[in-house]
Amino acid sequence: MGQLSASCPTDGQPHRAAVVGAGIAGLCAAIALRRAGWHVAVYEKSSFKNEIGAAITITPNATLVLERFGFDFLELGGVRNEMLLRYEAKNLSLLQKEYYGPDSGAEWSRFWSVHRVDLHSGLRGLATQTQDNTPGPPADIRLGQEITGIDCEAGTVKLKDGRLEQYDLVIIADGAHSRLIEDFTGNPSTVHRTGRSIYRWLVSMDEVNADPVLQNLYTDPQGSRKSGFVAWVDKETRILWVSYKCRGGKVLNNAVVHDTQTGEGEEDLWQSPVSRDQILKVLCNFHPSVQNMVFMTAEDGIKAHHLYKRLPLQSFVRGKTLVMGDAAHVMMPIHAAGASVAIETAATLETLFDLSGSTWTMDSRLEMFDKLRVPRCNLAMLSSNAGPEWLHVPGVEDEIRKYYSGPLPPAGAMPYSSAFRDVLFKHDEYRAARECMDKTAKN
Numbered sequence: 002m003g004q005l006s007a008s009c010p011t012d013g014q015p016h017r018a019a020v021v022g023a024g025i026a027g028l029c030a031a032i033a034l035r036r037a038g039w040h041v042a043v044y045e046k047s048s049f050k051n052e053i054g055a056a057i058t059i060t061p062n063a064t065l066v067l068e069r070f071g072f073d074f075l076e077l078g079g080v081r082n083e084m085l086l087r088y089e090a091k092n093l094s095l096l097q098k099e100y101y102g103p104d105s106g107a108e109w110s111r112f113w114s115v116h117r118v119d120l121h122s123g124l125r126g127l128a129t130q131t132q133d134n135t136p137g138p139p140a141d142i143r144l145g146q147e148i149t150g151i152d153c154e155a156g157t158v159k160l161k162d163g164r165l166e167q168y169d170l171v172i173i174a175d176g177a178h179s180r181l182i183e184d185f186t187g188n189p190s191t192v193h194r195t196g197r198s199i200y201r202w203l204v205s206m207d208e209v210n211a212d213p214v215l216q217n218l219y220t221d222p223q224g225s226r227k228s229g230f231v232a233w234v235d236k237e238t239r240i241l242w243v244s245y246k247c248r249g250g251k252v253l254n255n256a257v258v259h260d261t262q263t264g265e266g267e268e269d270l271w272q273s274p275v276s277r278d279q280i281l282k283v284l285c286n287f288h289p290s291v292q293n294m295v296f297m298t299a300e301d302g303i304k305a306h307h308l309y310k311r312l313p314l315q316s317f318v319r320g321k322t323l324v325m326g327d328a329a330h331v332m333m334p335i336h337a338a339g340a341s342v343a344i345e346t347a348a349t350l351e352t353l354f355d356l357s358g359s360t361w362t363m364d365s366r367l368e369m370f371d372k373l374r375v376p377r378c379n380l381a382m383l384s385s386n387a388g389p390e391w392l393h394v395p396g397v398e399d400e401i402r403k404y405y406s407g408p409l410p411p412a413g414a415m416p417y418s419s420a421f422r423d424v425l426f427k428h429d430e431y432r433a434a435r436e437c438m439d440k441t442a443k444n
């Protein structure tokens, strides 16, 4: 690949890790590894000058990790997600109600909604802060530095300017359209369009509550104003519209999953604008008050992009390199599982790669990482990509069973029902990693 830089580690130096990508997965990896005693460099090709995005749901398996990191949801505008209300699109009849708030008696009830930019800002602070009580050395985030190649076996990364850096561990976390996944697998990427796209936009809750019909929809049938998912489904056109609050409850996030329309999102960017007329044509079967939320944002305020899938990876490890986040598992947003499973993976890193008083070899740590993450991540990906009917879709359960042998909900379990949540979100990865280490040590 070229000449190694002088910073290549030698015996006696601290363990060094390179993380490629400073998105949610990459920053969580950096936080986890600094907490485990590593010196971490994060390579990000962008400069973060124009951060964009909409809101995101954090499920309890990920909340557990972020709380341990010290992430303050309330300070960063997070809103508790305590219920799901799903309505029929045209007549607004209630189709499903699930309540999973802290006073429901449900275990693992810590769901949060947070704006993606706020989440990213909080994670970046945790990765780089230098307060005395912060474990480990701060991560070095190197903006505007693109990695163009990786020697996975050697742990060597190649920068765009030709320089080479060698590390004890390399983490590929550069997203669904990873340019490095081919270096990792040795094969062309299998990421492909699904024929489905998503509209996203934000509106003010003041405007929503000014409409009596909408205000009623955001009120629990028992009169409570709890926050959570409010969704509408149109089976005729296969449209799922999901909304939830963020930024202290002042802003409503909207996401509409639909069949891709001619000409929309061609550039595959969040910035791809869509006209109101085009959206209203797609939403023609929806109740007029619900359609009215299209007018509550600026004419250019609604963005569209394509949704993608990929074939499951058989392994997340090669040599000194591992892959995580969307680079490892591209998920449809149906179950709000993608980011949370990536955050969950950070708990695996923190536990397995903790250097304090440990005699585990790197090969053993990486082997345990694969054993833990391949089943969980592929379960979440295959379930999400099958859509709301997941286990009803022919072949999905058989495909899941190639990677995952644990419990599954009954085939008729609705999304976000108790049985559904228990499988996808009732999971402590810290405990799973410790148990894996204990079991491996005995064998």
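Under my numbering, residue 444 is the last one in the sequence shown; the count climbs by one each step, no gaps. Glycine included, each C-beta is placed from N, C-alpha and C at the ideal position. Note that the coordinates shown come from a computational prediction; the quantities given were computed from them, not determined experimentally.
For this session: Keeping to the same chain, check which residues put their C-beta closer than 6 Å to that of glutamate 436; ignore five residues upstream and five downstream.
Result: Taking the sequence shown and counting its residues from 1, the one referred to as residue 436 is at position 435. Result list for glutamate 436: empty, nothing under 6 Å.
For this session: Pull up the CB-CB distance for isoleucine 182 and valine 21, whole angstroms please, since I reckon it's below 8 Å.
Result: Stepping through the sequence shown from its first residue, residue 182 is reached at position 181. Stepping through the sequence shown from its first residue, residue 21 is reached at position 20. Actually they are not in contact, since the Cβ atoms of isoleucine 182 and valine 21 sit about 11 Å apart, beyond 8 Å.
Exercise. First and last residue of the beta strand (DSSP E) that includes lysine 91?
Worked result: On the sequence shown, position 90 is the one that residue 91 refers to. Per DSSP, lysine 91 belongs to no beta strand (DSSP E) and is neither H nor E.
Problem set entry | Cutoff 8 Å; reference leucine 96; Cβ partners in own chain excluding five residues on either side | Counting from 1 along the sequence shown, the entry for residue 96 is found at position 95. Residues Arg87, Tyr88, Glu89, Val234 of the same chain have their beta carbon placed closer than 8 Å to that of leucine 96, with the five preceding and five following residues left out of the count.
Exercise. Just to confirm, are serine 47 and alanine 23 a CB contact at a threshold of 9 Å?
Worked result: Looking up residue 47 in the sequence shown gives position 46. Looking up residue 23 in the sequence shown gives position 22. Taking a C-beta distance under 9 Å as the contact criterion, serine 47 and alanine 23 qualify as a contact pair.
Problem set entry | For phenylalanine 426, the first and last residue of its enclosing alpha helix (DSSP H) | By 1-based counting over the sequence shown, the position of residue 426 is 425. Counted as a single uninterrupted DSSP element, the stretch harbouring phenylalanine 426 is not any alpha helix (DSSP H), since DSSP gives it neither H nor E.
For this session: Per DSSP, which residues does leucine 323 bridge with? Please list them.
Result: Position 322 of the sequence shown, counted from the first residue, corresponds to residue 323. Paired residues: Ile172, Val318.
Problem set entry | Short Cβ contact (9 Å threshold) for alanine 128 with valine 204 | In the sequence shown, residue 128 corresponds to position 127, counting from 1. In the sequence shown, residue 204 corresponds to position 203, counting from 1. Cβ distance not < 9 Å, so alanine 128 and valine 204 don't count as in contact.
Exercise. What are the boundary residues of the alpha helix (DSSP H) that phenylalanine 185 is part of?
Worked result: By one-based count along the sequence shown, residue 185 stands at place 184. Here the alpha helix (DSSP H) through phenylalanine 185 covers 182–186.
Problem set entry | Residue burial classification, aspartate 260 (beta-carbon count within 10 angstroms, cutoff 16) | Within the sequence shown, residue 260 is the residue found at index 259, counting from 1. Counting Cβ neighbours within 10 Å, aspartate 260 comes out exposed, since fewer than 16 surround it.
Exercise. Residue ranges of each alpha helix (DSSP H) run of no fewer than 4 residues wholly in the stretch 241–288, ordered along the chain?
Worked result: Here the runs fully enclosed are 277–283.
For this session: Give me whichever residues DSSP pairs with alanine 63 in a beta bridge.
Result: Numbered from its first residue, the sequence shown carries residue 63 at position 62. Paired residues: none, contrary to the question.
Exercise. How many angstroms separate the CA atom of proline 395 from the CA atom of serine 244?
Worked result: For the purposes of this step, residue 395 is taken as residue 394 along the sequence shown, with counting starting at 1. For the purposes of this step, residue 244 is taken as residue 243 along the sequence shown, with counting starting at 1. When rounded, the distance between both Cα atoms is 29 Å.
Exercise. Between the C-alpha atoms of glutamine 216 and arginine 239, what's the straight-line distance to the nearest angstrom?
Worked result: By 1-based counting over the sequence shown, the position of residue 216 is 215. By 1-based counting over the sequence shown, the position of residue 239 is 238. A direct Cα-to-Cα measurement between glutamine 216 and arginine 239 gives close to 25 Å.
Exercise. With 9 Å set as the bound, which would you pick, yes or no: does the beta-carbon of proline 416 sit closer than that to a beta-carbon of chain D?
Worked result: Considering every chain present, this structure includes no chain D. It has just one protein chain.
Exercise. So is aspartate 141 buried or exposed if we call it buried at 16+ other beta carbons inside 10 Å?
Worked result: The count along the sequence shown starts at 1 and reaches residue 141 at position 140. Counting Cβ neighbours within 10 Å, aspartate 141 comes out exposed, since fewer than 16 surround it.
Problem set entry | Residues near threonine 11 by beta carbon distance below 6 Å, same chain, minus five either side | Taking the first residue of the sequence shown as position 1, residue 11 is located at position 10. Here threonine 11 scores only 40 on pLDDT, less than 50, and its place in the model is too uncertain to base an answer on.
Exercise. Do the stretch 64–72 and the stretch 332–349 touch if we need at least three Cβ pairs shorter than 8 Å?
Worked result: Three or more Cβ pairs drawn from the stretch 64–72 and the stretch 332–349 lie within less than 8 Å of each other, which places the two stretches in contact.
For this session: Let me know if serine 114 comes out buried or exposed under the rule of 16 or more other beta-carbons within 10 Å of its beta-carbon.
Result: Looking up residue 114 in the sequence shown gives position 113. Looking at its Cβ environment, which holds 16 or more other Cβ atoms inside 10 Å, serine 114 is buried.
Problem set entry | Through-space distance from phenylalanine 70 to alanine 125, alpha-carbon basis | The residue given as residue 125 occupies position 124 in the sequence shown. The residue given as residue 70 occupies position 69 in the sequence shown. Note on residue identity: the sequence assigns arginine, not alanine, to residue 125. The straight-line gap separating the alpha-carbon atoms of arginine 125 and phenylalanine 70 is approximately 12 Å.
Problem set entry | Contact set for valine 324: own chain, Cβ-Cβ below 6 Å, skip 5 residues either direction | As a first step, residue 324 is located in the sequence shown; it is residue number 323 there, counting from the start. Close CB contacts of valine 324 within its chain, under the 6 Å cut and outside five residues either way in sequence, are with Ile173, Phe185, Phe317 (chain order).
Exercise. If we ignore side chains and look at the alpha-carbon of each, how far apart do histidine 307 and threonine 298 end up?
Worked result: Numbered from 1 along the sequence shown, position 306 holds the residue referred to as residue 307. Numbered from 1 along the sequence shown, position 297 holds the residue referred to as residue 298. Computed Cα separation, rounded: 21 Å.
Exercise. Count the other CB atoms within 10 Å of the CB of lysine 502; is the residue buried (16 or more) or exposed (fewer)?
Worked result: Any answer about residue 502 is impossible in this case: the structure gives the chain only from 2 up to 444.
Problem set entry | Helix, strand or coil at lysine 236 according to DSSP, with G and I counted as helix | Looking up residue 236 in the sequence shown gives position 235. In the structure shown, lysine 236 sits in coil (DSSP, three-state: anything other than H, G, I, E or B).
Exercise. How about valine 375 and valine 192: do their beta carbons lie closer than 9 Å?
Worked result: Taking the first residue of the sequence shown as position 1, residue 375 is located at position 374. Taking the first residue of the sequence shown as position 1, residue 192 is located at position 191. Contact annotation: valine 375 and valine 192 have beta-carbon atoms that are not nearer than 9 Å.
Exercise. Exposed or buried, lysine 161, counting other C-beta atoms within 10 Å across all chains shown (16 or more means buried)?
Worked result: For this step, residue 161 is matched to residue 160 along the sequence shown. By the neighbour-count rule (16 or more Cβ atoms within 10 Å), lysine 161 is not buried but exposed.
Problem set entry | Between the CA atoms of phenylalanine 230 and valine 424 - distance to the nearest angstrom | Stepping through the sequence shown from its first residue, residue 424 is reached at position 423. Stepping through the sequence shown from its first residue, residue 230 is reached at position 229. One C-alpha to the other measures close to 19 Å.
Exercise. In terms of alpha-carbon separation, which member of Ala305, Arg180, Ala414 lies closest to tryptophan 391?
Worked result: Counting from 1 along the sequence shown, the entry for residue 391 is found at position 390. It is Ala414.
Problem set entry | Contacts around proline 411, its chain only, beta-carbon distance under 7 Å, and the 5 residues preceding and following it disregarded | Working through the sequence shown from its first residue, we reach residue 411 at position 410. The answer, listed in chain order, is Ala420.
For this session: Enumerate in chain order the residues of its own chain whose CB-to-CB distance from alanine 26 is below 6 Å, with the five nearest sequence positions on each side excluded.
Result: Locating residue 26 in the sequence shown gives position 25, where the first residue counts as 1. Excluding sequence neighbours, alanine 26 sits near Ala174, Met325, Gly326, Ala343.
For this session: In angstroms with no decimal places, state the Cα-to-Cα distance between glutamine 14 and valine 43.
Result: Taking the sequence shown and counting its residues from 1, the one referred to as residue 14 is at position 13. Taking the sequence shown and counting its residues from 1, the one referred to as residue 43 is at position 42. Computed Cα separation, rounded: 19 Å.
Exercise. For the beta strand (DSSP E) that aspartate 141 lies in, which residues bound it at each end?
Worked result: The sequence position of residue 141 within the sequence shown is 140, counting from 1. Boundaries of the beta strand (DSSP E) harbouring aspartate 141: 141–144, taken from the DSSP string.
Exercise. Candidates Tyr431, Met438, Tyr417, Ala434: which alpha carbon is nearest glycine 102's?
Worked result: Taking the sequence shown and counting its residues from 1, one reaches residue 102 at position 101. The candidate whose alpha carbon is nearest that of glycine 102 is Tyr417.
Exercise. Under the DSSP definition of a beta bridge, which residues are partnered with glutamine 292?
Worked result: Sequence index remark: in the sequence shown, residue 292 carries index 291 (1-based). None, per the DSSP bridge assignment.
Exercise. By Cβ distance, which residues of its chain are closer than 8 Å to aspartate 212, with the 5 residues on each side in sequence left out?
Worked result: Counting from one through the sequence shown, the residue named residue 212 turns up at place 211. Ser290, Asn293.
Exercise. Can you tell me whether DSSP reads lysine 98 as helix, strand or coil?
Worked result: Here residue 98 refers to the residue found at position 97 when the sequence shown is read from its first residue. Strand at lysine 98.
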